[in-house]
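Quick note: the sequence shown, position 96, residue 95 per numbering that gives the first Met the number 0, numbers continuous.
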Amino acid sequence: MKKILLALAIAGATGLAVSSLVAATVDEASPIFGVKIPHGYREWQMIGVAHEAGVDELRGVLGNATAMKAYRQHTLPFPDGTVLAKLAWKHVPLPGLNGAFVTGASTTVQIMVKDSKKYAATGGWGFGRFIDGKPADEAQHKTCFGCHQAHAGDHDFVFTRYAH
Ligand code: HEC
């Protein structure tokens, strides 16, 4: 609340558009796509896990009910309303157990939302990347679709496969 009041005060003092400043302060939506971290995503089911050599992270990908149904029924393209959440955490060694790791602090939460009309220009997907709940900048959001298109174009721009 304090932040909102401060934003309003600054906006008033500087003559900036109040609505845009408040949106930036409280809305937490990603640039370009306007994607937010969905409520309750941590209760979703696991689709699979991923690892990237050289990156100090462990990752898991979760899906909402629409996503899980599509995966189980091999529905492609994914239907509108599909939401995917990629969670990443620090890769923390277990003391005294050489080579064993567990998850540590969260590094990023990344979201993909399927809305074939709204996001027609990016394969029907809206993207959001969040660090400590705050969206990453516009430059980062410009890279999302290009890589998913180049390397996962045969699977509706989604890399993760259902881990049985
Ligand atoms: C350089 C390539 C690259 C870029 C750029 C990229 N991704 Fe991905 N993304 C991947 C790969 C590879 C995976 C598979 C899982 C993994 O390796 O962590 C993935 C997985 C995902 C997933 C889980 C669903 C899936 O496709 O498997 C989400 C959600 C996601 N990325 C969101 C984003 C967002 C949001 C951005 C932009 C801020 C982004 N990605 C940019 C390569 C990329």
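Even glycine gets a Cβ: it sits at the ideal position worked out from N, Cα and C.
In this text the structure is predicted, and so the values were computed from the model without any measurement.
Cβ atoms of glutamate 27 and lysine 133 come within 8 Å of each other, at about 7 Å. Counting only residues of its own chain and dropping the five nearest sequence neighbours on each side, glutamine 139 has a CB closer than 7 Å to the CB of Arg128. At a threshold of 7 Å, isoleucine 110 counts as near ligand 1, since its beta carbon sits closer than that to one of the ligand's heavy atoms. A Cβ-Cβ distance of about 5 Å is found for the pair alanine 84 and tyrosine 40, placing them in contact under the 8 Å criterion.
Bounds of the beta strand (DSSP E) holding alanine 49 are 44-49. For leucine 96, the CB stays at least 7 Å from every heavy atom of ligand 1. Within 7 Å of the C-beta of histidine 147 there is at least one heavy atom belonging to ligand 1. Between ligand 1 and the CB of glutamate 27, the shortest heavy atom gap is not smaller than 7 Å. For lysine 68, the secondary structure class from DSSP, reduced to helix, strand or coil, is helix. Shown here, alanine 99 sits in coil according to DSSP, grouped into three states, outside any helix or strand. Residue environment: arginine 58 is assigned as buried (16 or more neighbouring CB atoms within 10 Å of its CB, all protein chains considered).
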